[in-house]
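The structure under discussion appears below in the form of structure tokens.
Numbering (UniProt numbering), first residue to last: 1 to 250.
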């Protein structure tokens with residue numbers, strides 16, 4: 001594995017990344033909440049891209065992995081700025097965004113902000129608008145009060161240590177919702193979702209499919225796959241989806 005490289009962003013953050021040169025479109029992996037660029041899916045896709053001679057980029061949002069900052073300080077808007085910074089500074093021409101969980105939301109924000117740069121999009125257990133529809137909508141009155149008084153709440157996770165969710169994350173998330181207004185996606189989109197996912201429901205995946213305006217959008221439901229979506233079969237499905245989108249883009 002190559003050494004990590006760092007990008008200093010216009011916002012003063014220091015973002016860690018790995019960029020593999022190759023033919024375009026460049027595949028950009030957008031990780032999930034509290035995940036890092038050394039996760040199974042990101043590294044597997046990088047190896048797959050290298051074997052094909054495909055350009056590939058993976059990176060850590062601020063407050064994640066090797067990048068500067070702390071998770072508790074961050075929010076959806078910060079991570080959108082990070083995504084924009086690495087795509088604008090490190091890639092040229094069309095890109096294929098691959099977004100996992102929160103990265104699926106980030107991929108949709110990237111597509112909304114740079115529609116002319118996107119050749120295709122692949123999501124894995126995409127979680128658009130989760131700060132509002134997942135967290136806030138299900139908070140108890142006690143949790144909402146804790147946000148006001150303590151500025152944060154702690155939420156358990158089935159996959160890692162508890163999440164610290166800040167008042168800033170909830171409030172900032174409302175500025176970046178993608179399911180309330182029209183969402184035109186004028187390129188091929190492939191969505192993957194496990195039916196045993198306890199973090200993102202199949203209803204979320206179906207809601208995105210129904211809401212987006214896209215001439216070529218498909219959702220694949222995988223029976224018994226969980227939120228990690230990282231076993232051999234699931235990784236193969238991600239490869240196939242990315243390869244299909246690239247082939248259409250070319």
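We put the beta carbon where it would ideally sit given N, CA and C, even for glycine.
On a predicted model such as this, the values are computed, not experimentally measured, just so you know.
- Only buried fits residue 46, as 16 or more other CB atoms lie within 10 angstroms of its CB.
- Collapsing the DSSP output to three states places residue 234 in a helix.
- Around the CB of residue 58, 16 or more other CB atoms lie within 10 Å, so the residue is classed as buried.
- For residue 196, the three-state secondary structure derived from DSSP is coil.
- About 6 Å separates the beta carbon of residue 165 from that of residue 155, a gap short enough to meet the 8 Å contact definition.
- In the structure shown, residue 178 adopts coil according to DSSP, grouped into three states.
- Contact annotation: the stretch 69-77 does not touch the stretch 91-101, with fewer than three C-beta pairs closer than 8 Å.
- Assignment of beta strand (DSSP E) within the stretch 60-98, counting only whole runs of 3 or more residues, yields no such run.
- About 7 Å separates the CB atoms of residue 7 and residue 90; that is less than 8 Å, so the two are in contact.
- In this structure, residue 198 keeps its C-beta atom at 8 Å or more from the C-beta atom of residue 223.
- With respect to the 8 Å criterion, residue 128 and residue 209 are not classified as neighbours on the basis of their beta carbons.
- Secondary structure note for residue 152: its beta strand (DSSP E) is the uninterrupted segment 152-155.
- For residue 174, same chain residues with a beta-carbon under 8 Å away, outside a window of 5 residues either side, are 131 and 132 in chain order.
- Rounded to the nearest angstrom, the gap between the Cα atoms of residue 81 and residue 32 is 15 Å.
- DSSP, reduced to helix, strand and coil, places residue 183 outside both helices and strands of the structure shown, so it counts as coil.
- In the structure shown, the three-state DSSP call for residue 8 is strand.
- The stretch 37-52 makes no contact with the stretch 104-120: fewer than 3 CB pairs, one atom from each, lie closer than 8 Å.
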